[in-house]
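In the working numbering, the protein residues as written are 1 to 173.
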């Protein structure tokens, strides 16, 4: 529950900071919608829903992870601008939590589906941008980073936990 709350707070803070940065330096976040605009509010609803779902990752990792990844896909046609990028944060947090807490690690297909959903969502969101091949390449890169980075970190942490558990069991034996 704490991780979900922190994820929500950080995501909302990112939503608030975007328009402030756009006012001070448009090159950083030039297309950030104003706080309170319809695009901003849709982004807020999206990250709040995702953050609530993060709380369910430990109990139902596959379902929660797929639901969290579906939110960016659902809002991708709505032209949220840089607000859309904030929806990647809860996905990354959910991937980490899911991989750390999965006991049977045979659910790799879920991570593949999440990556594909993120690619599709990013391509839909950037449909008006010129350079189709570059857009797809960047969408794949973002999906690899959003899924891959927390995956590697979680595998490292899980391996550390397994090593400690094995050491404790050996000491007790």
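Think of the CB as a built atom: it goes at the ideal place given N, C-alpha and C, for glycine as much as any other residue.
Counting along the chain, no alpha helix (DSSP H) covers residue 60, and no H or E run does either. Note that the C-beta distance between residue 56 and residue 64 is below 8 Å.
Under the three-state reduction of DSSP, residue 97 is assigned to helix.
In the three-state reduction of the DSSP assignment, residue 80 falls in the coil class.
With respect to residue 47, residue 86 sits close: the two C-beta atoms are nearer than 8 Å. Cα atoms of residue 95 and residue 157: separation of roughly 13 Å, rounded to the nearest angstrom. In this structure residue 90 touches residue 50 by the C-beta definition: roughly 4 Å separates them, less than 8 Å. For the 8 Å CB-CB criterion, residue 26 and residue 83 do not form a contact. Annotation for residue 39: 33, 78, 79, 80, 81, 83 place their beta carbon closer than 8 Å to its own, counting only its chain and skipping 5 residues before and after. Measuring C-alpha to C-alpha distances from residue 62 to each of 149, 114, 172 identifies 114 as the nearest. Relative to the Cα of residue 133, the nearest Cα in the group 145, 119, 146 belongs to 119.
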